[in-house]
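Residue numbers (this note's numbering), protein chains in the order written: chain A, 2 to 408; chain B, 2 to 408. Every residue gets a Cβ at the ideal spot worked out from N, C-alpha and C, and that includes glycine. Let me begin by presenting the structure, written as structure tokens, before commenting on it.
There are 2 protein chains.
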Amino acid sequence: MNAEILAVGSEMLTPDKVDTNSLYLTQEFNTLGVEVVAKAIIGDDRERLAAAVLAAWRSSDVVVLTGGLGPTEDDVTRDAVASALGIGMHFDQSVWESIEERFRRFGRTPSPNNRRQAEILDGAAVLPNPNGTAPGQWFAADGKLLILLPGPPRELKPMVTTEILPRLVKSLPVQVIRTRWYRVALMGESDLDTLIAPVYSKYTNPATTVLASPGDVDIHLRARCGTVEEAESLLAEVGDPIASLLGNRIYSTNGDSLSKTVGGLLRDCSCTVAVAESCTGGLLGAALTEVSGSSDYFRGGFLTYTNEMKRTLLGVSAETLALKGPVSEITACEMATGARERTGADFALSVTGFADGPEAGLVYAGLASSDGAQSKRLQLFGDRQRVRALAVIHALDWLRRTLESTR
Amino acid sequence: MNAEILAVGSEMLTPDKVDTNSLYLTQEFNTLGVEVVAKAIIGDDRERLAAAVLAAWRSSDVVVLTGGLGPTEDDVTRDAVASALGIGMHFDQSVWESIEERFRRFGRTPSPNNRRQAEILDGAAVLPNPNGTAPGQWFAADGKLLILLPGPPRELKPMVTTEILPRLVKSLPVQVIRTRWYRVALMGESDLDTLIAPVYSKYTNPATTVLASPGDVDIHLRARCGTVEEAESLLAEVGDPIASLLGNRIYSTNGDSLSKTVGGLLRDCSCTVAVAESCTGGLLGAALTEVSGSSDYFRGGFLTYTNEMKRTLLGVSAETLALKGPVSEITACEMATGARERTGADFALSVTGFADGPEAGLVYAGLASSDGAQSKRLQLFGDRQRVRALAVIHALDWLRRTLESTR
């Protein structure tokens with residue numbers, strides 16, 4: 002079974018925009034054995050899009066369109082598909098009611114042009130969109146599939162996992178799929194791949210994907226077999242050697258984020274944590290609290306961007322700041338200690354450093370516990386945003402290893 | 002003049018490969034006023050590629066193909082183009098000699114299948130490739146252009162700058178491009194479009210794109226004309242009415258982010274700001290400090306996730322917390338006041354609310370200044386991540402409007 006992906010939207014034809022939806026879709030489709038044979042980005046041009054849809058419909062088994070389902074004049078996907086395939090559309094009252102309901106929850110009322118989002122292709126199934134107004138659409142004819150998905154990744158991805166993949170699997174030969182995850186912090190993608198590629202590259206089943214984001218690498222094994230036993234033994238054959246090569250650099254084997262993993266460890270020992278942040282300006286606290294239920298272990302923190310705030314809010318000594326400066330090992334320790342004492346938390350993490358400027362990337366992380374305070378010197382590379390993000394991951398992973406070692 | 006880019010190569014249809022050549026080409030073309038209206042990635046499939054080339058040739062002025070010019074069987078670009086346009090190819094002796102010469106310089110001799118790289122479309126100009134074996138090709142017919150470029154960026158980019166752009170400029174009408182941005186916070190995309198579509202939808206020049214992300218809408222106007230004066234007057238004709246319709250909902254006309262805009266306003270009045278965050282857990286501080294130089298105006302803040310922290314760190318009264326609860330108008334006010342007093346900042350923003358759970362989306366924002374403290378009740382919709390992000394935008398935009406009104 003082969004697939005073609007059409008991303009709709011003139012904004013994705015600019016020099017700095019990349020269509021990441023098609024990368025995500027390709028990964029999910031490949032794991033089901035569906036091959037993506039072509040993809041395209043088309044501007045908001047009804048005729049041009051209709052021509053592309055017709056060509057794709059003729060040459061591929063599955064045609065996926067992403068985006069162009071919004072309420073505005075330049076959202077042309079619905080019309081283009083209808084005219085390309087020569088099928089009609091109808092106004093779906095129940096879809097409209099769910100749109101109205103969604104707006105009501107916002108305390109708003111839909112505008113007239115939102116009605117366009119309730120236009121459904123004749124014969125198409127409606128795919129509910131809990132994260133936005135535009136529903137997806139699933140149209141099957143002549144043994145082929147045409148799928149309309151909303152453009153925003155936060156709307157598209159849930160719809161793919163809950164609506165698309167289950168339906169696709171039904172239309173594919175029977176097989177079981179078993180997966181393994183390994184998530185690794187603070188290891189370069191190429192270093193990691195050099196280490197583990199000799200293990201997985203010999204296998205096409207399980208399929209191994211290595212996805213990297215700054216400071217984080219995600220290893221995903223997916224086995225497709227006739228039976229669960231076959232799948233599990235294949236996963237063990239490839240996964241176990243990878244796990245032993247990476248050791249405790251693996252922070253999660255179930256896909257959990259680093260902050261969720263740290264939160265779980267804190268909950269396990271009923272410990273609490275606090276933060277003291279300078280250059281990260283709140284990102285560390287935000288990461289710890291991005292997880293639902295984080296109030297179980299996160300007590301609070303201090304954003305001390307100036308020397309004065311480090312003194313008055315955290316009790317960092319004037320001498321330390323004068324002699325060693327705000328970006329120093331001892332300042333990081335005193336920040337962590339101050340945060341721990343003032344919040345009564347079991348652990349406190351601190352970050353102080355230069356996110357840009359001549360010394361950009363020099364960062365100290367601190368960790369205070371009942372054993373006292375330590376700090377680490379980090380030399381990070383990248384722009385302001387990346388340095389801040391990496392500093393957060395370093396701090397979190399340090400706490401993760403500390404909690405694991407004391408288990 | 003519009004252009005379409007076809008990238009050839011199955012390797013670019015994997016989950017982690019991005020076609021960066023098209024981004025580079027788009028940037029270079031746009032500066033000449035050549036709009037990229039569609040782009041596609043096609044696998045190494047002769048028939049599929051030929052069909053795509055024919056469709057592109059029919060609908061666009063310039064068709065660029067990148068890659069597939071190698072010596073092997075699966076390098077199908079030359080053949081696909083010849084069959085799509087129904088033109089012949091000839092073996093070019095001088096191209097072959099330069100290929101032999103290149104191999105000689107590396108102490109090697111070309112293999113027979115390298116001869117395929119000397120196959121030139123009848124009527125096409127040869128574009129020398131000093132960085133590889135495959136030459137580019139430039140084919141003009143029916144007032145249209147078809148361009149073949151090698152896939153490796155280190156071969157493609159020099160060829161674009163030395164061969165393509167100079168040739169393109171010759172075949173273009175003189176043109177200038179001028180743009181305008183309007184960025185608007187906290188307005189639904191459809192409401193906004195209902196308001197301004199009547200103004201811009203009558204015009205194709207300037208081209209108007211409306212881009213939405215949670216809590217943020219980006220309006221981009223792009224005029225292409227013969228002279229700067231024409232372009233500017235077209236932008237005024239469409240942009241001025243849009244600007245007056247949106248009024249002070251516009252926070253930026255230069256593309257700056259909301260936090261950068263707020264930072265600029267604080268710097269203008271040499272004012273400082275502090276934060277007190279509960280449910281946002283640091284996101285508000287992180288947003289204010291994402292801008293380089295934010296230490297000029299950001300003093301610090303408090304992450305008070307528990308009632309106890311709200312009391313001890315910010316001085317929120319026990320009565321308030323007992324009677325009104327941590328998510329209340331008065332708690333938001335006392336948090337902001339406490340943060341302002343403890344940091345000595347001119348302004349303090351506070352956020353307290355429910356990011357999930359039964360009352361998810363109920364958030365209070367507070368703003369303290371020399372005039373005292375106020376708070377706002379917000380009913381936000383979405384998942385935990387979205388509620389937190391929207392709460393931050395509400396707080397920042399409130400401060401933005403306050404600073405603008407006191408100018």
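Name the chain A residues that come within less than 7 Å of residue i, Cβ to Cβ?
| i | result |
| --- | --- |
| residue 347 (chain B) | By Cβ distance, chain A contributes nothing, its closest Cβ being about 14 Å from residue 347 (chain B), past 7 Å. |
| residue 192 (chain B) | 112 |
| residue 31 (chain B) | 16 |
Measure from the C-beta of residue i to each C-beta in chain A and report whether the shortest distance is under 8 Å.
| i | result |
| --- | --- |
| residue 303 (chain B) | yes |
| residue 119 (chain B) | no |
| residue 231 (chain B) | no |
| residue 239 (chain B) | no |
| residue 132 (chain B) | no |
| residue 140 (chain B) | no |
| residue 73 (chain B) | no |
| residue 366 (chain B) | no |
| residue 253 (chain B) | no |
| residue 314 (chain B) | yes |
| residue 43 (chain B) | yes |
Kindly list, in the order they appear in chain B, the residues whose Cβ is closer than 9 Å to that of residue i.
| i | result |
| --- | --- |
| residue 171 (chain A) | None at all; the shortest Cβ gap to chain B is about 23 Å. |
| residue 46 (chain A) | 38, 39 |
| residue 268 (chain A) | Near residue 268 (chain A) there are no residues of chain B at all, since even the closest Cβ is about 15 Å away, more than 9 Å. |
| residue 296 (chain A) | 306, 307 |
Select from the options the residue whose C-alpha is nearest the C-alpha of residue i.
| i | options | result |
| --- | --- | --- |
| residue 40 (chain A) | B:378, B:14, B:325 | B:14 |
| residue 370 (chain A) | A:24, A:382, A:394, A:336 | A:336 |
| residue 403 (chain A) | A:48, A:375, A:381 | A:375 |
| residue 24 (chain B) | B:12, B:117, B:10, B:6 | B:6 |
| residue 143 (chain A) | A:58, A:181, A:350 | A:58 |
| residue 2 (chain A) | A:135, A:309, A:21, A:27 | A:27 |
| residue 410 (chain B) | A:321, A:308, A:309, A:296 | Past the boundaries of the shown model lies residue 410 (chain B); chain B is included only from 2 to 408, so the question cannot be answered. |
| residue 8 (chain B) | B:154, B:315, B:349 | B:154 |
| residue 216 (chain B) | B:44, B:382, B:407, B:406 | B:382 |
| residue 287 (chain B) | A:281, A:290, A:289, A:291 | A:281 |
Report the neighbours of residue i on chain B: residues whose CB is nearer than 8 Å to its CB, in chain order.
| i | result |
| --- | --- |
| residue 209 (chain A) | Near residue 209 (chain A) there are no residues of chain B at all, since even the closest Cβ is about 11 Å away, more than 8 Å. |
| residue 19 (chain A) | 19, 24 |
| residue 144 (chain A) | Neighbours of residue 144 (chain A) on chain B: none; closest Cβ ~19 Å, over 8 Å. |
| residue 49 (chain A) | 38, 39, 60 |
Return no unless some Cβ of chain B is closer than 8 Å to the Cβ of residue i.
| i | result |
| --- | --- |
| residue 261 (chain A) | no |
| residue 22 (chain A) | no |
| residue 310 (chain A) | yes |
| residue 385 (chain A) | yes |
| residue 307 (chain A) | yes |
| residue 37 (chain A) | yes |
| residue 390 (chain A) | no |
| residue 369 (chain A) | no |
| residue 423 (chain A) | No statement about residue 423 (chain A) is possible, as the shown extent of chain A runs from 2 to 408 and does not include it. |
| residue 197 (chain A) | no |
Assuming residue i and residue j are in contact, meaning their beta carbons sit under 8 Å apart, how far apart are those beta carbons, in whole angstroms?
| i | j | result |
| --- | --- | --- |
| residue 356 (chain B) | residue 385 (chain B) | 5 Å |
| residue 340 (chain A) | residue 364 (chain A) | In fact, because the Cβ distance is near 17 Å, the residues do not count as touching under 8 Å. |
| residue 160 (chain A) | residue 147 (chain A) | At roughly 15 Å, the Cβ-Cβ gap does not stay under 8 Å, so residue 160 (chain A) and residue 147 (chain A) are not in contact. |
| residue 184 (chain B) | residue 219 (chain B) | 5 Å |
| residue 138 (chain A) | residue 128 (chain A) | 6 Å |
| residue 327 (chain B) | residue 279 (chain B) | 7 Å |
| residue 362 (chain B) | residue 152 (chain B) | The pair is not a contact, with the Cβ atoms about 49 Å apart (cut-off 8 Å). |
| residue 332 (chain A) | residue 324 (chain A) | Not confirmed; about 10 Å, so no contact. |
Listing by chain order, which chain B residues have their CB less than 7 Å from the CB of residue i?
| i | result |
| --- | --- |
| residue 357 (chain A) | 293 |
| residue 12 (chain A) | 210, 212 |
| residue 109 (chain A) | 189 |
| residue 92 (chain A) | The contacting residues do not exist; residue 92 (chain A) stays about 17 Å from chain B at best. |
| residue 344 (chain A) | 310 |
By the criterion of Cβ-Cβ separation under 9 Å, what are the contact partners of residue i in chain A?
| i | result |
| --- | --- |
| residue 283 (chain B) | 276, 278, 281, 282, 283, 284, 285, 286, 287, 288, 289, 290, 302, 304 |
| residue 380 (chain B) | 106, 107, 108 |
What residues of chain A sit near residue i, judged by a beta carbon separation below 8 Å?
| i | result |
| --- | --- |
| residue 56 (chain B) | 52, 53, 56 |
The region 22 to 35 of chain A in contact with the region 98 to 115 of chain A per 3-pair CB rule at 8 Å:
Verdict: no, contact absent.
Decide if the region 188 to 198 of chain B is in contact with the region 69 to 88 of chain A; the criterion is three or more beta carbon pairs, one per stretch, under 8 Å apart.
Yes, they touch.
Kindly confirm or deny that the region 255 to 267 of chain B and the region 267 to 283 of chain A touch, where touching means at least three C-beta pairs closer than 8 Å.
Cβ pair count under 8 Å is below three, so no.
Evaluate the contact criterion for the region 89 to 108 of chain A versus the region 162 to 182 of chain A: three or more CB pairs, one atom per stretch, below 8 Å.
By the Cβ test, the region 89 to 108 of chain A is not in contact with the region 162 to 182 of chain A, since fewer than three Cβ pairs between them sit closer than 8 Å.
Does the region 262 to 270 of chain B come into contact with the region 242 to 251 of chain B, if we say contact requires no fewer than three beta-carbon pairs (one atom in each stretch) closer than 8 Å?
The region 262 to 270 of chain B vs the region 242 to 251 of chain B: no contact.
Are the region 224 to 240 of chain A and the region 287 to 306 of chain A touching, with three or more C-beta to C-beta distances below 8 Å?
No, because fewer than three Cβ pairs between the region 224 to 240 of chain A and the region 287 to 306 of chain A fall closer than 8 Å, the two stretches do not touch.
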